[in-house]
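Here is the structure we will look at, set down as structure tokens.
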Amino acid sequence: MFERLEDECAASSDSDEERPIRCGSCAVAVADESAVFGEGGRPAVSTFFNPSGELMEVVTVRTAPGLRPAGRPTSDFSWFPGTSWTVGACRGCGLQLGWWYRRTDGGEFAGLITERVRCG
Ligand SMILES: [Zn+2]
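Each residue of the sequence shown is one higher than the one before, counting from 1 in our numbering.
If you want it as structure tokens, here you go:
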């Protein structure tokens with residue numbers, strides 16, 4: 001799935017300019033492609049099972065200005081050790097695009113569900 005996102009980024013890029021990662025629903029720019037990183041030595045894209053048993057593919061980004069934290073932070077079922085999380089909703093349409101993570105030692109990052117975002 002992330003290969004699709006990378007292909008879209010490559011295809012939409014006429015120049016060396018970075019393209020934003022956008023909400024797949026309303027196209028608001030959520031994060032910059034250059035913000036993609038691997039948290040805690042992981043690859044930038046990881047797959048996880050949620051508590052409902054659904055497989056989710058998540059790309060981590062250092063910051064996501066288009067993602068609004070929603071709800072109270074919790075550390076229940078956190079996929080990243082040493083973090084608490086809240087749901088991350090699109091600032092444009094409110095669709096859940098992923099999660100905001102806060103490290104217990106400070107700092108934040110976001111995880112975006114690859115099938116709910118697109119590039120370009
Ligand atoms: Zn949206």
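Cβ atoms here follow ideal geometry from the backbone N, Cα and C, with glycine treated the same way.
Residue i, enclosing beta strand (DSSP E) - first and last residue
{"i": "P20", "result": "P20 to C23"}
{"i": "W85", "result": "T83 to C90"}
{"i": "V117", "result": "V117 to C119"}
{"i": "D32", "result": "A29 to D32"}
{"i": "G71", "result": "L67 to T74"}
Presumed contact (8 angstroms Cβ cut-off) between residue i and residue j, rounded CB distance
{"i": "C90", "j": "C26", "result": "6 angstroms"}
{"i": "G66", "j": "C23", "result": "7 angstroms"}
{"i": "E18", "j": "F80", "result": "E18 to F80, Cβ: 25 angstroms. No contact."}
{"i": "G98", "j": "R68", "result": "Wrong, their Cβ atoms sit about 11 angstroms apart, outside the cutoff."}
{"i": "R83", "j": "T104", "result": "Reading the sequence as shown, one finds Thr at residue 83 and not Arg. Contact flag correct, Cβ pair sits at about 7 angstroms."}
{"i": "A44", "j": "T63", "result": "Incorrect: roughly 14 angstroms between the Cβ atoms, too far for contact."}
{"i": "G92", "j": "V36", "result": "Not quite, the Cβ-Cβ distance comes to about 20 angstroms (not below 8 angstroms), so this is no contact."}
Sheet register partners of residue i (DSSP bridge)
{"i": "F37", "result": "In DSSP, F37 forms no bridge with anything."}
{"i": "A110", "result": "V61 and W100"}
{"i": "F49", "result": "L55"}
Per-residue DSSP class, three states only, for residue i
{"i": "R42", "result": "coil"}
{"i": "L95", "result": "coil"}
{"i": "C26", "result": "coil"}
{"i": "D105", "result": "coil"}
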